[in-house]
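These notes are about the structure you will find just below.
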Amino acid sequence: MFTQKQLYLYNRQNIQSPMDVDSMILAHERRWIEARLKSADSNLAENDLASWRHRFHELMEREAASTPDSARYVSDVMTRDEFRALVQAFAVDGLTEAQVFYYIMPRLTLEAQLPMLRILIDEFGAGNLKRAHTTLYKNLLTELQMPTELDYYVDRTTSSSFEFVNLFNWLTLRADDPSYFVGALTYLETSIPTFFQCYVDACDRLSINAHDYYSEHRHIDTFHAQEGLRVLKAMEKTGTLNARKAWHGVLLASTITASAFDAAVEMASLGHHQSESFTQESAHGFA
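Here the sequence shown is numbered in numbering that gives the first Met the number 0, starting from 0 and rising by one per residue.
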């Protein structure tokens with residue numbers, strides 16, 4: 000039976016040490032992506048950037064107008080142990096953040112590469128290792144007395160969280176058009192300044208000092224959202240934008256991100272048993 004964990008491990012292996020193509024895994028991946036696309040409203044009146052922007056702004060306004068119950072729970076109720084479980088759920092992303100984005104660069108025209116490069120520079124701390132987003136995530140894990148090694152989390156991550164990471168592997172490595180990726184990225188960068196407020200609120204309420212991973216995203220992603228639009232505009236100018244596929248990318252990112260977050264909060268709020276084991280494991284040298 001195909002699992003998102005299998006796909007994640009396949010993607011990691013191919014990035015670190017390219018191997019033969021696994022046609023069975025990739026066939027499962029295609030069916031997963033197709034099923035996700037069919038479940039979303041993918042209508043776009045015209046295949047142009049103006050139509051894309053109209054639909055995009057409608058979606059962002061709709062999402063910003065309503066705070067999910069899961070986000071309110073994180074802001075106002077979530078305990079410290081539950082927060083640790085939530086942090087764990089996305090560690091496979093936080094500890095490898097934006098690494099796979101490099102693969103989109105040669106698929107873009109020079110004009111589109113430049114704003115994308117500016118995003119990448121910020122993701123990796125503008126050359127300052129201490130400010131790289133993965134370093135900020137490690138600081139958060141350390142304060143919460145959790146391991147900072149990626150391998151630790153592979154067997155402790157749920158399917159929905161793997162799905163979030165696998166989406167961006169597909170977008171950069173195998174999607175037939177980079178427009179999918181740019182649409183998804185622009186969605187994510189636009190939504191995070193609002194979406195991450197619940198994390199910042201929880202850190203403040205729980206007196207977690209290493210909140211920079213979340214507060215930095217709320218700051219820098221406001222600029223990244225504009226850069227994403229610049230990538231789209233450059234693609235349109237050079238005749239390389241497929242607006243409908245960029246819209247599909249938006250829908251994929253929106254549905255998969257929401258699903259992963261809601262599932263992670265639900266699991267944490269139910270008292271996931273691993274949240275109680277972090278302190279014991281730290282005593283054995285994990286922290």
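Every residue gets a Cβ at the ideal spot worked out from N, C-alpha and C, and that includes glycine.
For a test of the three-state rule: what should DSSP assign to residue i, helix, strand or coil?
i: His53; result: helix
i: Lys173; result: First, the amino acid is wrong: residue 173 is Arg here, not Lys. If DSSP states are grouped into helix, strand and coil, Arg173 belongs with coil.
i: Gln112; result: helix
i: Ile14; result: helix
i: Thr147; result: coil
i: Gln279; result: Annotation note: pLDDT 35 at Gln279 (below 50); position unreliable, coordinate value reported separately. Reduced to three states, the DSSP call for Gln279 is helix.
i: Asp287; result: Nothing about residue 287 can be read from this structure; the chain reaches only from 0 to 286.
i: Arg155; result: coil
i: Glu142; result: helix
i: His27; result: helix
i: Ile207; result: coil
i: Asn168; result: helix
i: Ser41; result: coil
i: Met77; result: coil
i: Thr95; result: coil
i: Phe123; result: coil
i: Asp200; result: helix
Suppose the cutoff is 6 Å on Cβ atoms and the five residues either side in sequence are ignored; what does the same chain contact list for residue i look like?
i: His271; result: Caution applies to His271, whose pLDDT of 49 falls short of 50 and renders its modelled position unreliable; the model cannot decide the point.
i: Ser258; result: Ser159
i: Gly93; result: Tyr136
i: His223; result: Ile118, Glu188
i: Val230; result: Ala111, Pro114, Met115, Val181
i: His27; result: Phe1
i: Ser190; result: none
i: Ala252; result: Ala183, Tyr186, Leu187
Between the beta-carbon of residue i and the beta-carbon of residue j, is there less than 9 Å?
i: Ala88; j: Thr157; result: yes
i: Asn138; j: Tyr212; result: yes
i: Glu288; j: Gln3; result: Not covered by the structure: residue 288. The range shown for the chain is 0 to 286.
i: Leu143; j: Arg79; result: yes
i: Leu170; j: Ser41; result: no
i: Val86; j: Leu140; result: yes
i: Thr185; j: Gly227; result: yes
i: Ser67; j: Phe260; result: Reading off the sequence, residue 67 comes out as Pro, not Ser. It is a contact, given that the beta carbons lie within the stated cut-off.
Apart from the five residues just before and just after residue i, which ones in its own chain have a Cβ nearer than 8 Å to its Cβ?
i: Phe167; result: Val99, Phe100, Phe180, Ala183
i: Ser254; result: For the record, residue 254 in the displayed sequence is Thr; it is not Ser. The answer, listed in chain order, is Arg35, Ser38, Ala39.
Can you name, in chain order, every residue of its own chain whose Cβ lies under 7 Å from the Cβ of residue i, other than the five neighbours on each side?
i: Tyr72; result: Val264, Ser268
i: Val164; result: Tyr7, Val91, Asp92
i: Pro177; result: Ile103, Arg106, Leu107
Strictly under 9 Å for the Cβ-Cβ distance: is residue i near chain B by that measure?
i: Arg11; result: As a matter of chain content, chain B is missing from the structure shown, which is built from one protein chain.
Subject >> Every unbroken alpha helix (DSSP H) inside the stretch 218-277 [4 residues or more] >> reply: 242-268
Original post:
Between the stretch 107-122 and the stretch 203-211, do three or more beta carbon pairs fall short of 8 Å?
Top reply: no
Original post:
Taking contact to mean at least 3 C-beta pairs separated by less than 8 Å, is the stretch 32-51 in contact with the stretch 241-250?
Top reply: yes
Subject >> Touching by the beta-carbon criterion (3+ pairs, under 8 Å), the stretch 144-153 and the stretch 73-80 >> reply: no
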